[in-house]
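Protein chains: 2
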Amino acid sequence: MTTQKSSAHDKAAVPDIVIGRLPIYLRTLTIFRNSGKDVTSSQELGEYLGISSAQIRKDLSHFGEFGKQGTGYNVAYLCKQLEKILKVDCVWPVLLVGAGHLGHALASYEGFENRGFRITGVFDSSQEKVGGQIGNLVVQPMDELNDFVSRQRCQIAIIAVPAEAAQNVANLLIKVGVKSILCYAPITLTLPPHVQVEYIDPVIHFQHMTFYLSKGCIDS
Amino acid sequence: MTTQKSSAHDKAAVPDIVIGRLPIYLRTLTIFRNSGKDVTSSQELGEYLGISSAQIRKDLSHFGEFGKQGTGYNVAYLCKQLEKILKVDCVWPVLLVGAGHLGHALASYEGFENRGFRITGVFDSSQEKVGGQIGNLVVQPMDELNDFVSRQRCQIAIIAVPAEAAQNVANLLIKVGVKSILCYAPITLTLPPHVQVEYIDPVIHFQHMTFYLSKGCIDS
DNA sequence: CCTTGTGAATATGTTCACAGCA
DNA sequence: TGCTGTGAACATATTCACAAGG
Numbered sequence: 000m001t002t003q004k005s006s007a008h009d010k011a012a013v014p015d016i017v018i019g020r021l022p023i024y025l026r027t028l029t030i031f032r033n034s035g036k037d038v039t040s041s042q043e044l045g046e047y048l049g050i051s052s053a054q055i056r057k058d059l060s061h062f063g064e065f066g067k068q069g070t071g072y073n074v075a076y077l078c079k080q081l082e083k084i085l086k087v088d089c090v091w092p093v094l095l096v097g098a099g100h101l102g103h104a105l106a107s108y109e110g111f112e113n114r115g116f117r118i119t120g121v122f123d124s125s126q127e128k129v130g131g132q133i134g135n136l137v138v139q140p141m142d143e144l145n146d147f148v149s150r151q152r153c154q155i156a157i158i159a160v161p162a163e164a165a166q167n168v169a170n171l172l173i174k175v176g177v178k179s180i181l182c183y184a185p186i187t188l189t190l191p192p193h194v195q196v197e198y199i200d201p202v203i204h205f206q207h208m209t210f211y212l213s214k215g216c217i218d219s
Numbered sequence: 000m001t002t003q004k005s006s007a008h009d010k011a012a013v014p015d016i017v018i019g020r021l022p023i024y025l026r027t028l029t030i031f032r033n034s035g036k037d038v039t040s041s042q043e044l045g046e047y048l049g050i051s052s053a054q055i056r057k058d059l060s061h062f063g064e065f066g067k068q069g070t071g072y073n074v075a076y077l078c079k080q081l082e083k084i085l086k087v088d089c090v091w092p093v094l095l096v097g098a099g100h101l102g103h104a105l106a107s108y109e110g111f112e113n114r115g116f117r118i119t120g121v122f123d124s125s126q127e128k129v130g131g132q133i134g135n136l137v138v139q140p141m142d143e144l145n146d147f148v149s150r151q152r153c154q155i156a157i158i159a160v161p162a163e164a165a166q167n168v169a170n171l172l173i174k175v176g177v178k179s180i181l182c183y184a185p186i187t188l189t190l191p192p193h194v195q196v197e198y199i200d201p202v203i204h205f206q207h208m209t210f211y212l213s214k215g216c217i218d219s
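Here's what the structure looks like:
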């Protein structure tokens with residue numbers, strides 16, 4: 000087995016903000032590919048995304064040389080490479096905590112699978128919800144979490160429970176070995192540094208937008 | 000009427016990235032307030048959020064001087080000020096397009112109202128969905144959009160339709176005068192520059208996280 | 001021609017560190 | 001003392017602009 004040599008394309012050297020753009024590139028390139036486009040350029044992709052072509056080229060240059068001068072990028076090839084870089088050339092099991100409206104929506108969503116993810120377990124603390132069916136999954140009680148994570152080697156979890164319950168759920172998830180959490184509860188979690196968290200809260204986006212709007216509310 | 004004088008706290012001068020953090024501060028301060036905390040400091044808030052205290056102080060300094068040396072910030076007062084800055088000291092009407100699982104979850108969510116937003120209309124293009132009830136709202140057909148927006152002066156919309164339909168929905172929303180769009184469809188919309196868009200796509204977050212995970216997938 | 005990949009130049013964002021005040 | 005608000009220093013990110021290659 001060859002030791003991986005540290006190179007100009009060393010992973011540790013890639014800024015997180017660059018990693019954050021790769022999924023956007025991949026999403027768009029996949030659309031290009033599915034609509035039959037064979038080749039694209041940094042300029043075309045950039046115009047489509049509202050990003051400068053230089054930025055796209057520099058971002059990609061952290062990982063290798065994927066393009067051809069004068070021609071651009073082979074769409075299918077670049078998709079493959081980005082999938083490899085992001086490690087989504089496979090399907091990751093994801094566990095979901097919370098079987099409310101949002102949990103239902105997430106568990107029923109068909110768009111995860113072909114982008115590298117599959118919700119393989121749904122958990123809820125409520126006796127009423129446990130045992131219920133969502134798609135082809137049965138809602139499990141929280142004390143099944145540990146067994147489930149061991150069996151599936153599941154590293155990723157979604158928290159879709161009310162804000163009051165989210166921190167406790169997060170603590171539990173970490174205890175059973177989850178490494179990355181996507182939190183839909185409108186709070187900031189306190190977590191050990193080796194755990195990744197990202198947040199989705201539509202109100203944060205709304206409030207960002209209203210700053211730029213001229214006021215036009217219903218009531219005070 | 001007095002003309003607003005351009006000042007050191009000129010709105011145009013505030014970087015967008017700063018605006019983007021204010022809703023997070025507000026969310027956290029509101030939690031502090033609701034748990035009975037009267038006073039906080041940039042250090043306390045920063046530790047809670049994983050942000051440096053200097054950053055918080057500098058961010059706030061764009062808008063005024065809200066703290067007291069030696070003491071810190073009055074939580075309730077700072078909440079009020081942030082609500083005013085973000086223009087969420089009121090309730091904004093929001094229209095929702097898409098009455099699928101996600102649309103249901105959003106329309107039923109109770110957490111919008113006390114943070115400045117209320118979904119006041121749900122629209123869907125499907126004959127089957129139109130007329131259906133979600134909470135206290137009735138799903139309306141798309142051709143009611145125009146009247147609705149005029150009546151409500153609704154500037155904000157959520158797109159919760161499949162990717163294939165999203166661009167057309169967005170075009171329609173712009174035509175009827177919507178100014179800001181929160182798009183849940185996994186695509187980048189092409190829009191005139193005067194329209195604000197933000198995106199929510201959980202897969203983007205997952206793919207960001209898997210970059211840092213060691214691979215452990217179900218299948219290839 | 002056209003487009004990539006990349007150093008150099010620029011622009012933006014964050015932190016430091018301290019004066020000033022409760 | 002303890003904490004804010006803020007210029008100056010530093011760090012990071014983006015864009016420019018061009019050599020090199022198809």
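Each protein sequence line maps, in turn, to chains S and F. Counting from 0, one number per residue, gives the positions in the first sequence under numbering that gives the first Met the number 0. Counting from 0, one number per residue, gives the positions in the second sequence under numbering that gives the first Met the number 0. Yeah, the Cβ is synthetic: ideal placement off N, Cα and C, and Gly gets one too.
Between N113 of chain F and V96 of chain S, the alpha-carbon positions lie close to 25 Å from each other. In the three-state reduction of the DSSP assignment, A12 of chain S falls in the helix class. For L136 of chain F, the three-state secondary structure derived from DSSP is strand.
Our two residues, A156 of chain F and D200 of chain F, have alpha carbons roughly 16 Å apart in a direct line.
T39 of chain F is bridged by DSSP to F:Y72.
Under the three-state reduction of DSSP output, Y198 of chain S falls in the strand class. When the beta-carbon positions are compared, T39 of chain F and V74 of chain F come within less than 8 Å of each other. When F:W91, F:L188 and F:G66 are compared, the shortest CA-CA separation from Q206 of chain S is found for F:W91. With the rule of 3 Cβ pairs closer than 8 Å, the segment 97-105 of chain F counts as touching the segment 144-163 of chain F. When the five nearest sequence neighbours on each side are left out, the beta carbons in the same chain lying within less than 7 Å of the beta carbon of K128 of chain F are those of A98 and V138, in order along the chain. It is roughly 16 Å from the alpha-carbon of A106 of chain S to the alpha-carbon of I180 of chain S.
One thing to note: G215 of chain F has its Cβ no nearer than 8 Å to the Cβ of Q132 of chain S.
For F31 of chain S, there are no neighbours in chain F by C-beta distance under 7 Å, as the nearest C-beta there is about 12 Å away.
If you check the CB distance, C89 of chain S and G120 of chain S do not come in under 8 Å.
Taken through DSSP and simplified to helix, strand or coil, I55 of chain F comes out as helix.
Taking 8 Å as the CB threshold, I16 of chain F stays off the interface with chain S. By DSSP's assignment, C182 of chain F forms a beta bridge with F:I158 and F:Y198. For R150 of chain F, there is no enclosing beta strand (DSSP E); the residue is found in the alpha helix (DSSP H) stretching over L144 to Q151. Partner residues in the beta bridge of G120 of chain S, as assigned by DSSP, are S:L94. Among the CB atoms of chain S, none fall inside 8 Å of the CB of F65 of chain F. The alpha-carbon separation between V93 of chain S and K174 of chain S amounts to approximately 16 Å. Counting every other CB atom within 10 Å of its CB across the protein chains shown gives H193 of chain S a total below 16, marking it as exposed. DSSP links G66 of chain S through a beta bridge to S:Y72.
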